[in-house]
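Read in order, the letters of the sequence shown are residues 521 to 813 in the numbering used here.
Just so it is clear, CB atoms sit at the ideal spot from N, CA and C, and this is done for glycine as well.
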Amino acid sequence: MLPTQPRYAYHPITERPKFQWPEGKRLAIYVALGIEEYVFGEGLTEDLFPGASKPDYANTSWRDYGNRVGAFRLIDRFHREGLPVSILLNTEVYDHAPQLMDYARERGCEIIAHGLTNSDTLAGRPADDEAGYLKAVADRIAEREGTPPAGWSSPWLAHTDNTADLLKEAGYRYVLDLGMDDQPVWLDTRSGKLLCIPYALELNDSSTIIGRQASATDFAQMVIDQFDEMLEASADQALVMPLVVHSFISGQPFRLRALRRALAHIARHRDDIWFTTPGQIADFIHAKPELAV
Numbered sequence: 521m522l523p524t525q526p527r528y529a530y531h532p533i534t535e536r537p538k539f540q541w542p543e544g545k546r547l548a549i550y551v552a553l554g555i556e557e558y559v560f561g562e563g564l565t566e567d568l569f570p571g572a573s574k575p576d577y578a579n580t581s582w583r584d585y586g587n588r589v590g591a592f593r594l595i596d597r598f599h600r601e602g603l604p605v606s607i608l609l610n611t612e613v614y615d616h617a618p619q620l621m622d623y624a625r626e627r628g629c630e631i632i633a634h635g636l637t638n639s640d641t642l643a644g645r646p647a648d649d650e651a652g653y654l655k656a657v658a659d660r661i662a663e664r665e666g667t668p669p670a671g672w673s674s675p676w677l678a679h680t681d682n683t684a685d686l687l688k689e690a691g692y693r694y695v696l697d698l699g700m701d702d703q704p705v706w707l708d709t710r711s712g713k714l715l716c717i718p719y720a721l722e723l724n725d726s727s728t729i730i731g732r733q734a735s736a737t738d739f740a741q742m743v744i745d746q747f748d749e750m751l752e753a754s755a756d757q758a759l760v761m762p763l764v765v766h767s768f769i770s771g772q773p774f775r776l777r778a779l780r781r782a783l784a785h786i787a788r789h790r791d792d793i794w795f796t797t798p799g800q801i802a803d804f805i806h807a808k809p810e811l812a813v
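1) Three-state secondary structure (DSSP) at residue 589?
2) How would you call residue 556, buried or exposed, if buried means at least 16 neighbouring beta carbons within 10 angstroms?
3) Rounding to the nearest angstrom, what Cα-Cα distance links residue 602 and residue 627 in this structure?
4) What is the residue span of the alpha helix (DSSP H) that residue 766 lies within?
5) So what does DSSP say about residue 689, is it helix, strand or coil?
6) Could you please give the first and the last residue of the uninterrupted beta strand (DSSP E) stretch that includes residue 552?
7) Please work out which residues of its chain come closer than 7 Å, Cβ to Cβ, to residue 698, disregarding the five sequence neighbours upstream and downstream, and give them in chain order.
8) Taking residue 771 as part of the beta strand (DSSP E), name the residues at either end of that continuous run.
9) Spatial neighbours of residue 802 within its chain, please: CB distance less than 8 Å, with the 5 preceding and 5 following residues excluded, ordered by chain position.
10) Using the Cα positions of residue 804 and residue 610, report the straight-line distance between them to the nearest angstrom.
11) Alpha carbon to alpha carbon, how far is residue 617 from residue 755?
12) Roughly how many angstroms lie between the CA atoms of residue 552 and residue 767, to the nearest whole one?
13) Give, in chain order, every unbroken run of the beta strand (DSSP E) that is at least 3 residues long and sits entirely within the segment 635 to 722.
14) Going by DSSP in three states, residue 609 sits in which element: helix, strand or coil?
15) Any chance the segment 534 to 550 sits against the segment 723 to 734, with 3 or more Cβ pairs inside 8 Å?
16) Our contact map puts residue 736 next to residue 784 with C-beta atoms below 8 Å; I'd like the distance itself, whole angstroms only.
17) Does DSSP put residue 816 in a helix, a strand or coil?
18) With three or more C-beta pairs closer than 8 Å as the rule, is the segment 579 to 597 touching the segment 670 to 688?
19) In the DSSP assignment, the alpha helix (DSSP H) including residue 624 goes from what residue to what residue?
20) So, at 6 Å on beta carbons, what are the nonlocal neighbours of residue 528 in its own chain, with the 5 sequence-adjacent residues on each side left out?
21) How many Å lie between residue 575 and residue 665 at the Cα?
22) Does residue 795 come out as helix, strand or coil in the three-state DSSP assignment?
23) Looking only at its own chain, which residues have a Cβ that is under 6 Å from the Cβ of residue 605, when we skip the five neighbours before and after it?
24) Name the DSSP bridge partner or partners of residue 632?
25) State buried or exposed for residue 522, treating a residue as buried only when at least 16 other CB atoms are found within 10 Å of its CB.
26) Out of curiosity, what's the CA-to-CA distance linking residue 651 and residue 645?
27) Can you tell me whether residue 732 is buried or exposed, with buried defined as 16 or more other CB within 10 angstroms of its CB?
28) Give me the residue from 722, 740, 658, 689 with the minimum Cα distance to residue 677.
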């Protein structure tokens, strides 16, 4: 056979335990909001238009809009629709946009570890350095929020051969980043199982709007179509629908207006779905581990 990844086995969706989410719901939906900080002039960046001259104030200001304006509006609009928001947090935001984190905390947002900055990557890190990095992120969140983060999502979705092992050993209860399934999946690590919550690699404004140059209307229609199809599929089994947006992308007013149309469509079906967070999904599966493959 061909070499393959070592973390999870093949289990077709047709051969799964039958279960329901809380209150008999079949479709769980969570929204992850990327709130990020970048090192000016160094490291990896997400650029609206690559190749700008240096120093690059234009792309910097585009990203900065997210933490000055866009994130506040996204959190508020999701809050109005009764959708909880989970934040993929670069911990440098605590220093650079403290009022934003106060705003998120007051509205009960789950905080998911997302590195120190988004100019970082785990790629190529020696194991001891990576372990120290994962701990530093968890320690900073624990310091500011009172409890360590349950979940991890890597900057740039980057992993090393050691990442899953080190996350488990650092006390993380789940990881996002992967999109192999519509249900939670147990990953094998050297210290036991680590839960993987489905992550939106495509229903993601970064990969879709910036990466593939889709319009705001296209993205909103993707959200609606994904929801309608998954709601129908969930009649037979419990599923998870993730949606990933970023403060400086979907926080732009014209994109936010289109996204709100999709949110309104979803909200009309609130009696049929579980608006939740990755942490709540993880709690549910950890209490009944046999439900995940």
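The relevant details are as follows:
1) Numbered from 1 along the sequence shown, position 69 holds the residue referred to as residue 589. Helix.
2) As a position in the sequence shown, residue 556 is number 36, starting the count at 1. Residue 556 counts as buried, since no fewer than 16 other beta carbons sit within 10 angstroms of its beta carbon.
3) Locating residue 602 in the sequence shown gives position 82, where the first residue counts as 1. Locating residue 627 in the sequence shown gives position 107, where the first residue counts as 1. Spanning the two alpha carbons is a distance of roughly 11 Å.
4) The residue you call residue 766 lines up with position 246 of the sequence shown. Here residue 766 belongs to no alpha helix (DSSP H); instead the beta strand (DSSP E) covers 759 to 766.
5) Taking the sequence shown and counting its residues from 1, the one referred to as residue 689 is at position 169. Three-state DSSP puts residue 689 in a helix.
6) One-based indexing of the sequence shown puts residue 552 at position 32. Start and end: 547 to 555.
7) The residue given as residue 698 occupies position 178 in the sequence shown. Excluding its 5 nearest sequence neighbours in each direction, residue 698 has C-beta neighbours in its own chain below 7 Å: 716, 719, listed in chain order.
8) Position 251 of the sequence shown, counted from the first residue, corresponds to residue 771. Counting along the chain, residue 771 falls outside any beta strand (DSSP E), and DSSP gives it neither H nor E.
9) Start at 1 with the first residue of the sequence shown, and residue 802 comes out as number 282. The answer, listed in chain order, is 670, 671, 693, 694, 704, 715, 717.
10) Within the sequence shown, the letter at position 284 stands for residue 804. Within the sequence shown, the letter at position 90 stands for residue 610. Approximately 26 Å between the Cα atoms of the pair.
11) For the purposes of this step, residue 617 is taken as residue 97 along the sequence shown, with counting starting at 1. For the purposes of this step, residue 755 is taken as residue 235 along the sequence shown, with counting starting at 1. Roughly 42 Å between the two C-alpha positions.
12) What you label residue 552 is simply residue 32 of the sequence shown in a count that begins at 1. What you label residue 767 is simply residue 247 of the sequence shown in a count that begins at 1. Their Cα atoms are separated by approximately 10 Å.
13) Assignment of beta strand (DSSP E) within the segment 635 to 722, counting only whole runs of 3 or more residues, yields 705 to 709, 712 to 716 in chain order.
14) Stepping through the sequence shown from its first residue, residue 609 is reached at position 89. In this structure, residue 609 counts as strand in the three-state DSSP scheme.
15) Between the segment 534 to 550 and the segment 723 to 734 there are fewer than three C-beta pairs closer than 8 Å, too few to call the two in contact.
16) Start at 1 with the first residue of the sequence shown, and residue 736 comes out as number 216. Start at 1 with the first residue of the sequence shown, and residue 784 comes out as number 264. Contact between residue 736 and residue 784 is absent: CB atoms are separated by about 15 Å, not below the 8 Å threshold.
17) Because the chain here runs from 521 to 813, residue 816 falls outside it and cannot be looked at.
18) Three or more beta-carbon pairs separated by less than 8 Å are not found between the segment 670 to 688 and the segment 579 to 597, which leaves the two stretches without contact.
19) Taking the first residue of the sequence shown as 1, we reach residue 624 at position 104. Taken as a continuous stretch (DSSP letters only), the alpha helix (DSSP H) holding residue 624 covers 618 to 626.
20) Against the sequence shown, residue 528 aligns to sequence position 8. Beyond the five residues adjoining it in sequence on each side, residue 528 comes within less than 6 Å, by CB distance, of 705, 707 in the same chain, given in chain order.
21) By one-based count along the sequence shown, residue 575 stands at place 55. By one-based count along the sequence shown, residue 665 stands at place 145. Using only the alpha carbons, I get a separation of about 35 Å.
22) For the purposes of this step, residue 795 is identified with residue 275 of the sequence shown, where counting begins at 1. Shown here, residue 795 sits in a strand according to DSSP, grouped into three states.
23) Position 85 of the sequence shown, counted from the start, is the residue given in the question as residue 605. Here residue 605 has 551, 553, 595, 598, 629 as same chain residues with Cβ atoms under 6 Å from its own Cβ, once five neighbours each way along the sequence are excluded.
24) Reading the sequence shown from its first residue, position 112 is the one you call residue 632. Beta-bridge pairing links residue 632 to 608.
25) Within the sequence shown, residue 522 is the residue found at index 2, counting from 1. Counting Cβ neighbours within 10 Å, residue 522 comes out exposed, since fewer than 16 surround it.
26) In the sequence shown, counting from the first residue as 1, residue 651 sits at position 131. In the sequence shown, counting from the first residue as 1, residue 645 sits at position 125. So the two alpha carbons sit approximately 9 Å from each other.
27) Residue mapping note: residue 732 aligns to position 212 of the sequence shown, counting from 1. When all chains shown are included, residue 732 counts as exposed.
28) On the sequence shown, residue 677 is found 157 positions in, with the first residue counted as 1. Among 722, 740, 658, 689, the Cα nearest to that of residue 677 belongs to 722.
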